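If you're matching them up, the sequences are chains P and X in order. Just so you know, the working numbering puts the end of the first sequence at 111, numbered straight through with nothing missing. Just so you know, the working numbering puts the end of the second sequence at 114, numbered straight through with nothing missing. Cβ coordinates follow ideal geometry from the N, Cα and C atoms, glycine included. Just so you know, these numbers come straight off a predicted model, no measurement behind them. Structure first, then comments.
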Amino acid sequence: DAKTTQPTSMDCAEGRAANLPCNHSTISGNEYVYWYRQIHSQGPQYIIHGLKNNETNEMASLIITEDRKSSTLILPHATLRDTAVYYCIVRGQGGSEKLVFGKGTKLTVNP
Amino acid sequence: DAGVIQSPRHEVTEMGQEVTLRCKPISGHDYLFWYRQTMMRGLELLIYFNNNVPIDDSGMPEDRFSAKMPNASFSTLKIQPSEPRDSAVYFCASSLAGVYYGYTFGSGTRLTVV
Numbered sequence: 001d002a003k004t005t006q007p008t009s010m011d012c013a014e015g016r017a018a019n020l021p022c023n024h025s026t027i028s029g030n031e032y033v034y035w036y037r038q039i040h041s042q043g044p045q046y047i048i049h050g051l052k053n054n055e056t057n058e059m060a061s062l063i064i065t066e067d068r069k070s071s072t073l074i075l076p077h078a079t080l081r082d083t084a085v086y087y088c089i090v091r092g093q094g095g096s097e098k099l100v101f102g103k104g105t106k107l108t109v110n111p
Numbered sequence: 001d002a003g004v005i006q007s008p009r010h011e012v013t014e015m016g017q018e019v020t021l022r023c024k025p026i027s028g029h030d031y032l033f034w035y036r037q038t039m040m041r042g043l044e045l046l047i048y049f050n051n052n053v054p055i056d057d058s059g060m061p062e063d064r065f066s067a068k069m070p071n072a073s074f075s076t077l078k079i080q081p082s083e084p085r086d087s088a089v090y091f092c093a094s095s096l097a098g099v100y101y102g103y104t105f106g107s108g109t110r111l112t113v114v
């Protein structure tokens, strides 16, 4: 699996957009970018994934650069309940089904 | 759907005892994964199954660990004998096949070996 690099921690004010970056400079053409989050003491939760186009769902937006070497997860209006560790993971199509988690970014949303 | 169900939520056992963790995946999901999480090592994939068949057990730490999936609705992770260093939160997850689907994780089992 391609490696990803994320900041260790970030802070965001409640109600503001949270922009979480991820670097995946060695990503291959058939590999997807996935985002999960883990709220304290809970199991990880799937957020969104994409290949090369930007994606949006009810939880977040995913912006992938044209060269696909980096991406940004956007939580448009962060709330205190969005405080969690956010994991950016790269996984290939047609290959292993397994997801390998790194250390992620600890996002703290402040009142 | 009740999601992925794990039991027990908490387990405290003495060193040397056998421990069995249980998981019920989401009905219809093809894949089942067992992860372990500690502060030091983060989330580690132990083993995963496809259609009840173990595919990759390279993450299983040693022979004391074993996992089975006797049918599509049930899996167990067994540690025998348990050691204090096995203390961790163990998560089970399931998913449909293909990159278009995310995993659904259970709430985990917090294991403490004293």
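For residue 55 (chain P), no Cβ of chain X is located within less than 8 Å of the residue's own Cβ. In the assembly as shown, residue 28 (chain P) is an exposed residue. Its beta-carbon has fewer than 16 other beta-carbons within 10 Å. Contact of residue 107 (chain X) with chain P by beta-carbon distance below 8 Å involves 42 and 43. A Cβ of chain P is located within less than 8 Å of the beta carbon of residue 99 (chain X). The C-beta distance from residue 60 (chain P) to residue 51 (chain P) rounds to 16 Å, too long to meet the 8 Å contact threshold. Residues of the segment 65-91 of chain X with a Cβ closer than 7 Å to any Cβ of chain P, in chain order: 91. Between the alpha carbons of residue 43 (chain P) and residue 21 (chain X) lies a distance of about 15 Å. Between residue 47 (chain X) and residue 34 (chain X), the CB-CB gap stays under 8 Å.
Here residue 111 (chain X) is not near residue 4 (chain X), since their CB atoms are 8 Å or more apart.
Looking at X:101, X:27, X:80 and X:51, the one whose alpha-carbon comes closest to that of residue 60 (chain X) is X:80. Interface with chain X (8 Å Cβ-Cβ cutoff): residue 34 (chain P) is included. Per DSSP, the unbroken beta strand (DSSP E) holding residue 93 (chain X) starts and ends at 88-95.
In this structure residue 36 (chain X) is buried. Its beta-carbon is surrounded by 16 or more other beta-carbon atoms within 10 angstroms. In the three-state reduction of the DSSP assignment, residue 99 (chain P) falls in the coil class, being assigned neither a helical nor a strand state. For the segment 71-92 of chain P, the set of positions with a beta-carbon nearer than 7 Å to some beta-carbon of chain X reads 91 in chain order. At least one CB of chain X lies nearer than 8 Å to the CB of residue 100 (chain P). In the displayed model, residue 81 (chain P) falls within a helix according to three-state DSSP.
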